[in-house]
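Working notes, beginning with the structure itself.
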DNA sequence: CGCGTCACG
DNA sequence: ACGTACGTGACGCGA
């Protein structure tokens, strides 16, 4: 067989005599000319594609049931099959670097020296990927001493005469190989989409055609390979230089025509230049024993392929392999596809997992007679605990009416008590269930039990105790995962649940829950209780392997559920009359400002539209634009503040923006959120949202009520006690995050400063500016430095904040770290440990995964490092206040108090109290808050709590 | 529904 | 692969 007449292995079968209309349009433009076209040669950059697959699927966290990661294999196979399916290559090979040092390392010691080792989770998949490629019959090309780039470069050059060459890679460096017969297939933004890159695309994307790409890369250097370029010359300068002078030689011949800065940089670079050029040049002329024949696929080995995919539990990939490679499944492979037992977590395709229906293998009972209910009640009362779920008429707990309750005592069996049954109406039936639902010896399991607690409260029942909440368990195991029941069932149980929308329909076609057939509703309700109980077992098993996470659940999250439910149910009162007065004032001011802005700009436009505003400021008024967003000019506070020095309209715009914000978000919005039944505003405290362990608040968000500006303070004044004569009492931790940072650092100077009750920012200023006399400006700067430490400090960020150069900011940071060596080493150690383990923890053991610490991309890696530095601090503060809330709530319930807890704002708790009780409440709250810090591990640094009381939230501070 | 903006800790 | 300090949620605009 010769290369030009043979049928490619992936070609359409020979039996197809007539070309069939292809359901997938042929992406290869050359195929438009049928018949004589050259064969297609596809060269895959293996490692780069593996990396891409690994990071693209990272958040899917795919693994086998025993925890071996499989995301990279899945992603790689998926891309590979896509290529085969869509382009039907005549020749196809996957290349990898060889492990030996290459000539580049020899010429330049620091080559790729900044590159972190691949994460273990990726390394462990490389063997499987290699096996996959071989089992598919695809040639694997590795040559000792050469990188994949050079192999691809040489093959591309060698065969471009005889083939249409496609290089499959996300790597921009390969752009230099693009040529008449050579193009790049670059993975697109969306999974499994490829972008065809030819000469024109290279030129428009990089400002230089492929022929000039090596020179461009030489000038700019390649940070990902640790190759330096000419200092101060970026892609923009480089491409304009090349456009003018054609090549590096041309540029160096015309140095005298360049700006002094560029000239100087190029002169310094002159000596290094040849080496850099050699390093960034991909070899195209290696003497390799590569024949086209060697790049031709051989027969796939279905047995090996299916054995591999069965072991990796990649069922959908196995299914695709059948279609794409046009092979028959081996006889034994039916066993492979049965490999996942009904209860097994499916590790396959996160988008389309083959799941077992949730109810399969379970027994669901509709309880719609008095006798059946009596029997169930007995069973429940003699149980040690059960899973429970309420079905209601609305997602809003204040509107919701019960349609039924489901229970599951043992996995695989559930009961649904239907309140549409005559004689089993909600009110009387719930009353009969009350002792059971409130029985402290019978633990309750469920998904988001706060919802059920709130619904049942309306029926006079205090559902308790919360023994296990599946949503929160998932949150504690991995705060950034998804925690809804449907996803949890798919991930942990391999079960496909019936969704609420499937029950009642969507949009206008949706029906009321009482219109659903009772049997269907029962199956749905039973499913949820059944799944919750099964999930508990699956999640508990994982928690038991990490005792500290089980502790976070039991000590912090589970006990907090009923505390938050009580706070939400209580709600907070709003002085609507006060807000109405503010609204009038603000509207008047806005009218005035609008007129002034129109006059100053000479235009009438929508000030609320950043697009229109940007157009007026920068196109019409021609003010200097310094910052851009993805969509146009930036008009944010920083930009407007700078413009205020140049044009008076900017300060009016700032004022306008501020008023508009407060009006829209608070003054007008809050009164609309008052519940007509209670006359109060009831926020939702979300317990499974944030990556750090904090709560969040929504509908409305009461954790971002203004306080910084004058008008903001007025808005706070509108938060008042519900009973006339009562007071609001606020208790907040003073500098809790800095104290935690000091504790974690173990730095003696820092700890001493807190022990001496010093003004911490002034103390920092004294140290970093090395002076006894601290000016207000020095204190301000020190305060920013302290904040920077909490957020994962970087010169760029500090420079922005302080309006100084990055160099000056770096000096300040260096001084700080030198003076507080404990802080420096603890931050370093935190990152190092997290890099090794893959996650970072708080003092209580709460965990957050930070896989990006190993990213080859420096920006992504740095962002992950900041997250790693901040999370133990923010997370510990969250743990501490959660612990405090639990203790405070316990004392409030003891019967000695009439006070209630209303809100939590990260480091502050807000209470309503009768004046007679104020002093006692203060003492109790302060004591518990201070103790909580010690219980959570803050032992060397003192923790202080400030309290205040008044007739509104502003005065409570 | 994504984006830009800005309120809070 | 991304765009510059950490963590949130809500608003109005405009495609």
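In full-length UniProt numbering, the protein residues as written are 1 to 957. Positions of the beta carbon are idealized from the N, C-alpha and C atoms, including for glycine. Predicted model only: the values in this text are computed from it and were never measured.
Roughly how far, in whole angstroms, is the beta-carbon of residue 469 from the beta-carbon of residue 446, given that I think they are within contact range, below 8 Å? 6 Å
Quick check on the burial criterion: 16 or more other C-beta atoms within 10 angstroms. Buried or exposed for residue 414? buried
Note down the Cα distance separating residue 300 from residue 548, rounded to an integer number of angstroms. 48 Å
According to the neighbour-count rule (16 or more other Cβ atoms, all chains shown, within 10 Å of its Cβ), is residue 899 buried or exposed? buried
Would you kindly report the start and end of the unbroken beta strand (DSSP E) that includes residue 283? It is not in any beta strand (DSSP E) - residue 283 carries neither H nor E in the DSSP assignment.
Suppose you measure from the CA of residue 288 to the CA of residue 145; what does that come to, to the nearest Å? 12 Å
Residue(s) in a DSSP beta bridge with residue 183: 166
In three-state DSSP terms, what is residue 697? strand
So what does residue 948 bridge to, in DSSP terms? 730
Can you list, in chain order, the residues of its chain whose CB lies under 6 Å from that of residue 870, leaving out five sequence neighbours each side? 791 and 792
May I ask you to report which of helix, strand or coil DSSP gives residue 447? coil
So what does DSSP say about residue 610, is it helix, strand or coil? helix
Cβ neighbours of residue 940 in the same chain (closer than 7 Å, five flanking residues each side left out): 743 and 751
How do the stretch 80–95 and the stretch 59–66 stand: do at least 3 beta-carbon pairs fall below 8 Å, yes or no? no
Residue 345, DSSP secondary structure in three states: Note that residue 345 has pLDDT 34, beneath the 50 cutoff, so the model's placement of it is unreliable and the number below is only indicative. Note: residue 345 maps to coil in three-state DSSP.
Does DSSP put residue 956 in a helix, in a strand, or in coil? coil
For residue 702 and residue 905, the rounded distance between their alpha carbons: 8 Å
Spatial neighbours of residue 423 within its chain, please: CB distance less than 6 Å, with the 5 preceding and 5 following residues excluded, ordered by chain position. 370
Alpha carbon of residue 645 to alpha carbon of residue 929, nearest angstrom: 46 Å
What whole-angstrom Cβ distance do residue 707 and residue 717 have, given they're in contact under 8 Å? At roughly 11 Å, the Cβ-Cβ gap does not stay under 8 Å, so residue 707 and residue 717 are not in contact.
Integer Cβ distance of residue 961 from residue 213, believed to fall under 8 Å: A query on residue 961 cannot be resolved here, the shown segment of the chain reaching from 1 to 957 and no further.
Nonlocal neighbours in the same chain, by C-beta distance under 7 Å from residue 890, ignoring five residues either side: none
From which residue to which residue does the alpha helix (DSSP H) around residue 133 run? 120–135
In angstroms with no decimal places, state the Cα-to-Cα distance between residue 245 and residue 239. 10 Å
Among the candidates 601, 627, 297 and 628, whose CA atom is the shortest distance from the CA of residue 616? 601
9 Å Cβ cutoff met for residue 564 and residue 659: no
Flag this pair as touching only if the stretch 300–317 and the stretch 168–185 have three or more C-beta atom pairs under 8 Å; answer yes or no. no
Near residue 868, which residues of its chain fall below 7 Å by C-beta distance, leaving aside the five closest residues on each side in sequence? 830, 831, 834, 840, 850 and 853
Could you tell me if residue 115 is buried or exposed, where buried requires 16 or more neighbouring beta carbons within 10 angstroms of its beta carbon? exposed
Should residue 877 and residue 760 be called a contact, given that it needs their Cβ atoms to be closer than 9 Å? no
Straight-line gap, residue 105 to residue 280 (C-alpha atoms, nearest Å): 12 Å
Does DSSP classify residue 420 as helix, strand or coil? coil
Which residues bound the alpha helix (DSSP H) around residue 382? Looking at the DSSP string, residue 382 is not in any alpha helix (DSSP H), and its letter there is neither H nor E.
Grouping DSSP H, G and I as helix and E and B as strand, with all else coil, what is residue 208? coil
Host alpha helix (DSSP H) of residue 509 (start-end): No alpha helix (DSSP H) contains residue 509, which DSSP labels as neither H nor E.
Endpoints, alpha helix (DSSP H) assigned at residue 751: 748–755
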